[in-house]
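One structure below.
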Amino acid sequence: MTVPDFQTWFLPLLRLLRNGEVHRIRDAYQILGDEMQLSPEDRAEVLPSGKQQKYINRIAWARTYLKKAGLLASPGRGLVQITDRGKDLLGDPPDRLNVKFLKQYSEFREFHEYKGEPGDDSVGLVSEEIDETPEDILERVHRSLRNELAEELLERVKQAPPP
């Protein structure tokens, strides 16, 4: 199994918190990893930066997105709690809770929509069907730019006259 995308964690995280109590997000990581039957290898997989386990990063982004949609609250550092809106959603949950669904909440749209400079007609980088966290996107773009630069430098070296 591979580590699920961050949207896949939305419903399991809400369900874990459905009792309305304040939970430590650190505890949620372990419980959700068990619930999703992540292997030790999956749990050990880190982001390209090497600074955080991938599954923890994905759950953390799920928490951020759900919080921005008003489905979760953070009553303190490292703490998370479901809101009344989150409980209402669990009363009749969608088949798949994703970014597109969260856009029905105005607070989430304000957070999620690209805001360019005045007069900027460019399109935002985030599509409706996104499976990547912001770190994943940055890493992919960084890798692409690094590869382009390497190719350009190699071409210049090949074209340079011998010393």
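Quick note, my numbering runs 9 ahead of the 1-based positions in the sequence shown. Virtual Cβ for every residue (Gly too), placed ideally from N, Cα, C.
Looking only at its chain, what residues have a beta carbon closer than 8 Å to the beta carbon of residue i, apart from the 5 residues adjacent to it on each side?
{"i": "Pro96", "result": "First, the amino acid is wrong: residue 96 is Lys here, not Pro. Excluding residues within five positions, the ones whose Cβ falls inside 8 Å are Arg27, Gly29."}
{"i": "Glu44", "result": "Pro21, Leu25"}
{"i": "Leu163", "result": "none"}
{"i": "Arg35", "result": "Gly87"}
{"i": "Leu47", "result": "Met10, Val12, Tyr64"}
In chain order, what residues of the same chain have a beta carbon less than 6 Å from the beta carbon of residue i, not counting five sequence neighbours either side?
{"i": "Ala71", "result": "Phe15, Trp18, Phe19, Leu22"}
{"i": "Lys112", "result": "Arg118"}
Could you pull out every residue in the same chain whose Cβ sits closer than 7 Å to the Cβ of residue i, ignoring the five residues on either side in sequence?
{"i": "Lys63", "result": "Val12, Glu54, Val55, Leu56"}
{"i": "Asp129", "result": "Low confidence applies here, because Asp129 scores a pLDDT of 48, under 50, leaving its location unreliable; read the following figure in that light. If we look at Asp129 and ignore the five residues flanking it on each side, it has no Cβ neighbours."}
{"i": "Arg152", "result": "none"}
{"i": "Leu99", "result": "Leu23, Arg24, Arg27"}
{"i": "Pro102", "result": "Leu20"}
Pick from the options: whose alpha carbon is nearest that of residue i?
{"i": "Met10", "options": "Ile40, Asp51, Arg33, Asp36", "result": "Asp51"}
{"i": "Arg33", "options": "Thr73, Leu80, Tyr74, Gln90", "result": "Gln90"}
{"i": "Asp93", "options": "Leu81, Arg165, Ala159, Pro170", "result": "Leu81"}
{"i": "His121", "options": "Tyr74, Leu47, Pro49", "result": "Tyr74"}
{"i": "Leu41", "options": "Asn107, Leu99, Ile68, Ala159", "result": "Ile68"}
{"i": "Ser58", "options": "Leu158, Glu157, Ile146, Ala169", "result": "Ile146"}
Less than 8 Å between the CB atoms is what I'm expecting for residue i and residue j, so what's the real figure, rounded?
{"i": "Gly79", "j": "Tyr114", "result": "6 Å"}
{"i": "Asn66", "j": "Glu141", "result": "Rounded, the Cβ-Cβ distance is 11 Å, inconsistent with contact."}
{"i": "Pro84", "j": "Val31", "result": "5 Å"}
{"i": "Lys77", "j": "Glu116", "result": "6 Å"}
Length-filtered (4 minimum) alpha helix (DSSP H) runs lying within the region 23-69 | Counting only runs of 4 or more residues that sit fully inside the region 23-69, the alpha helix (DSSP H) segments are 34-44, 49-53, in chain order.
Whole beta strand (DSSP E) elements within the region 66-129, 3-residue minimum = Taking 3 residues as the shortest admissible run, the region 66-129 contains the following complete beta strand (DSSP E) segments, listed from N- to C-terminal end: 88-91.
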